[in-house]
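Residue numbers (the numbering used here): 8 to 111. All residues carry an ideal CB built from backbone N, CA and C; glycine is no exception.
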Amino acid sequence: MTHFIIPTNKGHKAVLPENIIRIEACSNYCKVYFANEYPLTVAKVLHWFEQKLSCGNFYRIHRGHIVNRKFISTISCNKTLTLCNGERLQVSKRKRYMIQQILD
8 MTHFIIPTNK
18 GHKAVLPENI
28 IRIEACSNYC
38 KVYFANEYPL
48 TVAKVLHWFE
58 QKLSCGNFYR
68 IHRGHIVNRK
78 FISTISCNKT
88 LTLCNGERLQ
98 VSKRKRYMIQ
108 QILD
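Have a look at this one:
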């Protein structure tokens, strides 16, 4: 996948989607977590990222999180998703089945 541009408070940043681990909603902002960089706070809502990253590798697991499939490690029966970096995130009831299908 090619770069896409994220507006930041210092201008614009070109980002490779495959380097994004997850995106977390924080009110009218989002925090983008990267595999090889510090997190970046962006003045965009989660839906904006959902449209930009509609390539099939990114999944909205909750109303507050989008994750990169490449970094998903496991999903437990108590609706907790574990990422490769050890972070644990809650998966909504409606999204749990979809995530389990992805991992199978």
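Item to complete: Look at the alpha carbon of asparagine 35 and the alpha carbon of lysine 51, and state the distance between them as a whole number of angstroms.
Response: Distance between the alpha carbons of asparagine 35 and lysine 51 is about 6 Å.
Worksheet item: In three-state DSSP terms, what is lysine 86?
Response: DSSP, read as helix, strand or coil, puts lysine 86 in coil.
Discussion item. In the DSSP output, what is glutamate 31 paired with across the bridge?
Written reply: Here glutamate 31 is bridged, per DSSP, to Lys38, His72.
Item to complete: Decide if isoleucine 109 is buried, meaning its Cβ has at least 16 other Cβ atoms within 10 Å, or exposed.
Response: By the neighbour-count rule (16 or more Cβ atoms within 10 Å), isoleucine 109 is not buried but exposed.
Worksheet item: Do arginine 29 and valine 98 have their C-beta atoms within less than 7 Å of each other?
Response: Cβ distance not < 7 Å, so arginine 29 and valine 98 don't count as in contact.
Item to complete: Please go through the same chain and pick out, in chain order, the residues whose beta-carbon is closer than 8 Å to the beta-carbon of glutamine 107, but skip the five residues on each side of it.
Response: Contacts found: Ile82.
Discussion item. Does arginine 76 pass the burial test, meaning 16 or more other C-beta atoms within 10 Å, or should it be called exposed?
Written reply: Exposed.
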